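K.L.:
Residue numbers (my numbering): 7 to 405.
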C-alpha cells in the first residue's frame, strides 16, 4: 500500500498521563515519559519474551539519546526508535503532530493506493488517487505505473516530508514528482457500492473506521433483493475491531463464534457476534476478496466467513498475518502509544499472526493492461464462484 493508515485492531484510549499540558518536556519529564513508554511495553506486550529483544538494554541505549533531543518531536523520535526495535507494526508511538493529523479525520501521505505489478519487480500500478491530495494536485492518474514504489516506505512518511516519486504515464512517458506529505482526508473514494453479476452486491471499504458497519447496513437495506454479497478488503489494513464485530452481526446469527482473544498469560477469551442491529442477518452467500495487503480485521473477517461456510475467500495470495489487538495510551504533550497486548485465534483455533488466511480460490494479480481495460480477474472469479455456491445446496446455511 502506498498510503499510511492506522493499521491493526484498535481499542479504546486510556486516560491521559499527568503533565500532558507541558509542551517543553524538561529533562526530568523526558526521563519520566521514556520510562512510561518502556514500562508499558514491558508490562503489557503480548509476548513476555518481547520478540527476543533485550528490552532492558534497549531502554538504556535510547535513554542516553534523550540528552540530544531539543524539542518535543525530537523526544518522540527517540521513543519511536525504541519501540521500533520490537519489529512489530502493531506496536508504535505517534508524535503529537501525527496524532493531531489523525484527529482531523485524515492520514499522513500523498494520497496513492497501488498494487504491485504482476511481472515487473519493484513496480506498482496506481489503483486510486485520493481527492484533495498531493498526488491529485500533481495530476497523477490511476493506471500509471509507479516505478520506484519499493523505494518509498509509507511508514516513514511524516507531515511535511518530501519524497521523489517516478511514474510511467498512459502515454509511456516517465514523470517525476517531489511530493510533500500532507494530511489526506479519508474521502468517500475509500468506499464503493455497486451491482456486479446477477444481483450480486459489491462492497469495497479500505478501512474498518468508525461507522463502517452502519454504512454496510444501509447498503444492504437499499439493495435488499440480492443473490450474493462480495466484500472487497484487498487493500484494507484493518481498524476498529468493534466495527468488524458489528459487521459480522449483519452476516451471522447472534452469538456466532468469531474467535478468541488470547491474553499474555495464554488465557483464551471466546468472542461472539453481538446483537448490533434489529434486522436479521442476510441469507445469501458471501465472498471475501483478499490480498497480501489485507491485514488485521480484514483477516479475521475472512477467517470467520470461512469457518461458518458462508462463502469463498478469493484472492491473489495469503493475507499479511498481522492480527494483534493494540490498546492505546495517551502520552504527555499529545502523543500516543499503541501496544500489541492481545493475540487472536480463529473460531477453529488457528493462530493467524504470522500465517494469515489463504484464499480458497487463488487468482493472478491484476496486470497493468487488465487494470487499464477495467478487467479484474479476482472479482470475476468471485462472481463465478458465488453463482456456483448458490446453486450448491450443501453450502446453504440456515440462519
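Glycine included, each C-beta is placed from N, C-alpha and C at the ideal position.
If you're wondering where the values come from, they're calculated on a predicted model, not measured in any experiment.
#1: First and last residue of the beta strand (DSSP E) that includes residue 321?
#2: Suppose you measure from the CA of residue 99 to the CA of residue 128; what does that come to, to the nearest Å?
#3: In chain order, what residues of the same chain lie with their CB nearer than 8 Å to the CB of residue 86, ignoring the 5 residues before and after it?
#4: On the DSSP bridge list, what partners appear for residue 237?
#5: Cβ of residue 293 within 7 Å of Cβ of residue 317?
#6: Beta strand (DSSP E) containing residue 325: first to last residue?
#7: Any chance the region 361-375 sits against the region 256-276, with 3 or more Cβ pairs inside 8 Å?
#8: Nearest to residue 262 by alpha carbon, out of 246, 59, 281?
#9: Report yes if the CB atom of residue 237 is closer than 7 Å to the CB atom of residue 209, and no otherwise.
#10: Whole angstroms are fine: how far does the CA of residue 96 sit from the CA of residue 90?
#11: Between the Cα of residue 82 and those of 342, 264, 347, spot the shortest distance and give me the residue it belongs to.
#12: DSSP beta-bridge partners for residue 245?
#13: Please report how far the alpha carbon of residue 362 lies from the alpha carbon of residue 324, in whole angstroms.
#14: Could you check if residue 168 is buried or exposed, using at least 16 other CB atoms within 10 Å of its CB as the buried criterion?
#15: If we count the other Cβ atoms within 10 Å of its Cβ and call it buried at 16 or more, is residue 29 buried or exposed?
#16: Taking the DSSP output, what are the residues bridged to residue 130?
#17: What residues match up with residue 91 in a beta bridge as DSSP calls it?
#18: In angstroms with no decimal places, state the Cα-to-Cα distance between residue 369 and residue 319.
#19: Between residue 253 and the rest of its own chain, which residues show a CB-CB distance below 6 Å, the 5 nearest in sequence each way excluded?
#20: Starting from the C-beta of residue 24, find all residues in its chain whose C-beta is less than 6 Å away, skip the five residues before and the five after it, and write them out in chain order.
#21: To which residues of the same chain is residue 80 closer than 8 Å at the C-beta, ignoring the five residues directly before and after it?
#22: Quick check: the Cα distance between residue 389 and residue 185, rounded to an integer number of angstroms?
#23: Do residue 72 and residue 114 count as a contact pair if the criterion is CB distance below 7 Å?
#24: Three-state secondary structure (DSSP) at residue 228?
#25: Where do the ends of the beta strand (DSSP E) carrying residue 186 lie?
#26: Measuring CA to CA, which of 392, 306, 139, 245 is closest to residue 289?
#27: Please report the straight-line C-alpha distance between residue 189 and residue 139, rounded to a whole angstrom.
#28: Could you tell me which of 287, 267, 233 sits nearest to residue 256, measuring between CA atoms?
#29: For residue 146, I'd like the list of residues in its chain whose CB is within less than 6 Å of its CB, leaving aside the five on either flank, ordered along the chain.
#30: Rounded to the nearest angstrom, what separates residue 395 and residue 233 at their Cα positions?
#31: Restricting to Cα atoms, I'd like to know which of 336, 228, 297, 355 is closest to residue 365.
#32: What do you get for residue 27, buried or exposed, if any count of 16 or more other CB atoms within 10 angstroms of its CB means buried?
#33: Tell me which same chain residues have a C-beta within less than 7 Å of the C-beta of residue 283, skipping the five on either side of it?
#34: Tell me the rounded alpha-carbon separation between residue 332 and residue 37.
#35: In whole angstroms, what is the alpha-carbon distance linking residue 344 and residue 285?
P.N.:
Let me spell this out:
#1: 319-321
#2: 29 Å
#3: 98, 99, 101
#4: 209, 294
#5: yes
#6: Run containing residue 325: none; DSSP gives neither H nor E here.
#7: no
#8: 281
#9: yes
#10: 10 Å
#11: 342
#12: 214
#13: 6 Å
#14: exposed
#15: For residue 29, the pLDDT reaches just 46, beneath the cut-off of 50, and the residue's location in the model is therefore unreliable, leaving the point undetermined.
#16: 122, 152
#17: Residue 91 pairs with nothing; no bridge assigned.
#18: 11 Å
#19: 219, 222
#20: Note that residue 24 has pLDDT 37, beneath the 50 cutoff, so the model's placement of it is unreliable and no number is given.
#21: 74
#22: 38 Å
#23: no
#24: helix
#25: 180-186
#26: 392
#27: 8 Å
#28: 287
#29: 135
#30: 11 Å
#31: 297
#32: Residue confidence is low: residue 27 scores 40 on pLDDT, short of 50, so the model does not pin down where it sits. Its coordinate-derived value is still stated next. That one is exposed.
#33: 223, 255, 256
#34: 24 Å
#35: 35 Å
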